[in-house]
Every structure is written in C-alpha cells, then in structure tokens.
Amino acid sequence: HKMTTSKLLVPHVAHMDDADVTELEQFRLRERERRTGKPGGRLTLLAFVVKAVSAGLRAAPAFNASLDPFKEEIVYKRYYNIGIAADTGRGLVVPVIRETDRKSIMQIAADIERLAGEAREGAIASEELRGGTFTITNVGPLGGTALIPAINYPEVAILGMGRVQEKPVVRDGEIVIRKILPLTLAFDHRVADGADAARFVAELARQLSDPNLLLLET
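In my numbering, each residue's number is its place in the sequence shown (first place is 1) plus 160.
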C-alpha cells in the first residue's frame, strides 16, 4: 500500500505556515457569483492554491520530483501535474490535473469540478489517477486546523490545506480580523531541507495573499 510504503521509506519532515487569504477570498466570492453556471463557476480556493503551487514549483524544482530508492536517483520533472486528494465514499483517491502551469485558474477550477465529481461517483478512469508530480490534500472541509499529510510516494512532497478561519492578527500595530489558511508542506528530507521548504511555503503564502500576484501567473 502506497501510504505504508511512504511512511516506512521516506523520512518525513513538515513545515507549517499561514497564508492571509482575506483579499483572495473577497475576489474569489465576487468572481464565483459572476460566473455561476459556467465551467469552473464553482470557483474554490483549491483552484487558486493549485495555480500558486505550480508557480512555486518552478522556483523550487526539488519538490516537483520523484525519488527512485533502488537506484537512489532523484528525477526532476519539467512538467506540472498536480494531484488532488479527494475523500470519496470508496476511500481516498488522487485525481491528477495535468499541465497546471499552462492552465488558467478557471480551467483548473473546471478540471477540479469534473474530476471530483467522477471520483465521488466511482466513475474515474485509472489514467486520471496517474502521472502526478506533486499532491495537494485539502482537509479544510473536514475541520481540523493542521495536519501532517503522508507523501504520495514516489513523489517527494505534499501540501496540506487546513480550514480557513477568521483570526485576530496584528497589522501595523492594530489588531484586525483576517481570513487565515494554514498550510503544511510535508517533504522527503533526502531531497530538500528545511530552508527550501520555508522559502517555498513563504512564497506560496505571498502569492495567496494578493489576487493580483496570482493573476500575473496566468
């Protein structure tokens, strides 16, 4: 079983950080209202995270790789296929969205909608579950603040999204209420170190804090 293999073979390390998604959520909800009924119209936060991750992986290729334990080779992927861990009635499946670096946020949102629907109905083709280079798991809908996700072996990293919560934070010496998304990157310590992870997650948080930065990516 892949998860058992993952836990036994891979030295897991996790790095956690928070993204302030207040402005992104305002933008997302406004756009969702405008696009209701169109493909990708159920614009979820996950679509934006997929896009931000694709941009972040370009600058941090160690996390878009796989490790061959027998040859002890790291294989760096030059394509971006992001797996989305979906909890269905039949257990966990990970449909893969292909070439996310080349797709708009709306196209990614439409892919997520289609794949999640097929996964729930148990009608997903096996090729839709293959070829991922990095995985995102969204535990937000299930509650809980943070988790340490298990790497989707033979990939080397996985991002866990917690639940967005309104929290008091200090901005310019004032306490304000902001919408905060907890992020956890679990990664294989043989491939990258804590400094790489800290940079990757900090850049991800920066992209998600400003919708304009994300739109420049598309």
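Glycine included, every Cβ here is placed at the ideal spot set by N, Cα and C.
Open item on the list: Please classify ASN372 as buried or exposed, where buried requires at least 16 other C-beta atoms within 10 Å of its C-beta.
Closed with: exposed
Open item on the list: Quick test of your reading: THR295 and GLY243, contact by CB under 8 Å. State the CB separation rounded to the nearest angstrom.
Closed with: 4 Å
- [ ] Name the residue from ASP180, THR196, GLY216 whose alpha carbon lies nearest to the alpha carbon of ARG359.
- [x] GLY216
Task: Boundaries of the beta strand (DSSP E) in which GLY320 is found, first to last residue - done: 317-321
TODO: Please name the residue in ILE308, LEU205, GLU315, ARG202 whose C-alpha comes closest to that of VAL235.
DONE: GLU315
TODO: For the alpha helix (DSSP H) holding ALA207, just list the boundary residues, first then last.
DONE: 205-219
Task: Pairwise C-alpha distance: SER226 and GLU233 - done: 8 Å
Task: Nearest-angstrom beta carbon gap, LEU374 and PHE223 [assumed within contact, 8 Å] - done: Contact doesn't hold; Cβ gap of about 19 Å is too wide.
TODO: Reducing DSSP to helix, strand and coil, say where ALA272 ends up.
DONE: One point to set straight first is that residue 272 is Ile, not Ala, in the sequence displayed. Reduced to three states, the DSSP call for ILE272 is helix.
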